[in-house]
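Student: Sharing a structure, written as structure tokens. Questions coming.
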Amino acid sequence: MFNTYLTLNDTVLPTTSSAESYMYQYADWQMQIATQHVWAYCRQSMSELKGHFNRENLPTLFFKIINKRFIPNNIGSNASCSHLSNRIVAVVDSTIHPTSKPRNEQSRKFNGHYKAHGMMTHLLISLDGSITAVMTNIDGSMSDATAAHYNTCFKEILGNRFALGDPGYNGVPYVISGLRVNQINSSAHSKFDMVTRSEQVIVEHVNCFIKKCAVLSKQCKFIHMPELLVACVFIICGWYNKRSFEK
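FYI, in my numbering the residues of the sequence shown are 6 to 252.
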């Protein structure tokens, strides 16, 4: 059930330096494509590159290489930290990408909260607002806490530090989860709730950007092969960071 996870660390790059160099140069050039053309971009890129690499590996390989340039998978020692503690340096959040009802194992893809079949993506966002890491291709039925428990990528990035998360992440060792309304019973709880909510607002900036891209919007249903949805996740997250780096 958990072997379908895809993170940036899963990629095996081409063995030849010339092939890797070619992909990096191509990634830099193609990242100039506007976000509203992500779907056309995916199709064009795979069409142009399929003669250079194995076709089955191409979607995740190419787009994960793009993100290797634009998503750091690292939080430095001088990173921005929470007002609660200097050991809280990020925010973790998830979102669903609705898909067509699969022919098999429909229960694995169905998310009861969103009442839709889909694929989940988890994001680790630094407190300066950039996407630090991405984990995607998670079954829609899996809860945030369960997925986070099996997410060794985020845990390794944080080390002995922590990320803020909503109450759905309660019980995850590296996440300081927020409080539900019925758990706020004192002034200390109220202050904690106010700070955590204000610092998690950065997630909304990322989600707002994602929602503008139709292929990942919750209002749209992705009807193509899962590999292409994974590709769209990586390219849009990489594009978000690239725009942030250039400001």
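Idealized CB from N, CA, C, for every residue including glycine. Here the structure is a predicted model, which is why all the values come from computation and not from measurement.
Using CA coordinates, which residue listed in Lys196, Gln188, Ser222 is at the minimum distance from Leu89?
Tutor: Stepping through the sequence shown from its first residue, residue 89 is reached at position 84. Ranking Lys196, Gln188, Ser222 by Cα distance to Leu89 puts Lys196 first.
Student: Distance, Cα to Cα, Thr151 vs Ser192?
Tutor: Your numbering for residue 151 matches position 146 in the sequence shown. Your numbering for residue 192 matches position 187 in the sequence shown. Each residue's Cα considered, the two are about 31 Å apart.
Student: Taking Leu129 and Ile93 to be in contact with their CB atoms under 8 Å, please state how far apart those CB atoms are, rounded to whole angstroms.
Tutor: Position 124 of the sequence shown, counting from 1, holds the residue named residue 129. Position 88 of the sequence shown, counting from 1, holds the residue named residue 93. The Cβ separation is near 13 Å, so there is no contact.
Student: Assign Cys225 to one of two classes, buried (16 or more other C-beta atoms within 10 Å of its C-beta) or exposed (fewer than that).
Tutor: Start at 1 with the first residue of the sequence shown, and residue 225 comes out as number 220. Under this definition Cys225 is an exposed residue.
Student: Tell me where the alpha helix (DSSP H) around Val200 begins and ends.
Tutor: Here residue 200 refers to the residue found at position 195 when the sequence shown is read from its first residue. Its alpha helix (DSSP H) spans residues 192-204.
Student: What does the alpha-carbon distance come out to for the pair Val269 and Lys114?
Tutor: Nothing about residue 269 can be reported from this structure: the residues present for the chain run from 6 to 252 only.
Student: Mapping DSSP to helix, strand and coil, what is Ser112?
Tutor: As a first step, residue 112 must be located in the sequence shown, where it is residue number 107. Reduced to three states, the DSSP call for Ser112 is helix.
Student: Would you list the one or two residues that DSSP bridges to Val168?
Tutor: Along the sequence shown, read from residue 1 onward, the residue named residue 168 stands at position 163. Checking the sequence, you will find Ala at residue 168 rather than Val. Answer by DSSP bridge pairing, in chain order: Ala95, Val180.
Student: Between the alpha carbons of Ser203 and His154, how many angstroms are there, rounded?
Tutor: To locate residue 203, count along the sequence shown from 1; it is residue 198. To locate residue 154, count along the sequence shown from 1; it is residue 149. The straight-line gap from Cα to Cα measures roughly 25 Å.
Student: Below 8 Å on the Cβ atoms is my contact criterion, and I expect Asn246 with Ser135 to pass it. Report the Cβ-Cβ distance as a whole number of Å.
Tutor: For the purposes of this step, residue 246 is identified with residue 241 of the sequence shown, where counting begins at 1. For the purposes of this step, residue 135 is identified with residue 130 of the sequence shown, where counting begins at 1. Right, the Cβ-Cβ distance comes to about 5 Å (below 8 Å), so this counts as a contact.
Student: Assuming contact is defined by CB atoms lying nearer than 8 Å, are Ala168 and Val220 in contact in what I supplied?
Tutor: Stepping through the sequence shown from its first residue, residue 168 is reached at position 163. Stepping through the sequence shown from its first residue, residue 220 is reached at position 215. Not in contact: Ala168 and Val220 (Cβ atoms no closer than 8 Å).
Student: If you draw a straight line from the alpha carbon of Glu209 to that of Ser87, how long is it in whole angstroms?
Tutor: Within the sequence shown, numbered from 1, the residue matching residue 209 stands at position 204. Within the sequence shown, numbered from 1, the residue matching residue 87 stands at position 82. Rounded to the nearest angstrom, the two C-alpha atoms are 17 Å apart.
Student: If you count every other CB in all the chains shown that lies within 10 Å of the CB of Gly145, and 16 or more means buried, which is it?
Tutor: Stepping through the sequence shown from its first residue, residue 145 is reached at position 140. Classification of Gly145: buried, given that the 10 Å Cβ count is 16 or more.
Student: Hey, quick one: how far does the alpha helix (DSSP H) through Val208 stretch, first residue to last?
Tutor: Numbered from 1 along the sequence shown, position 203 holds the residue referred to as residue 208. That run of the alpha helix (DSSP H) goes 207-216.
Student: For Pro77, which three-state DSSP category applies?
Tutor: Within the sequence shown, the letter at position 72 stands for residue 77. Coil, per DSSP.
Student: Between the Cα of Ala121 and the Cα atoms of Val177, Gly183, Phe227, which residue gives the shortest distance?
Tutor: The residue you call residue 121 lines up with position 116 of the sequence shown. It is Phe227 whose Cα lies nearest to the Cα of Ala121.
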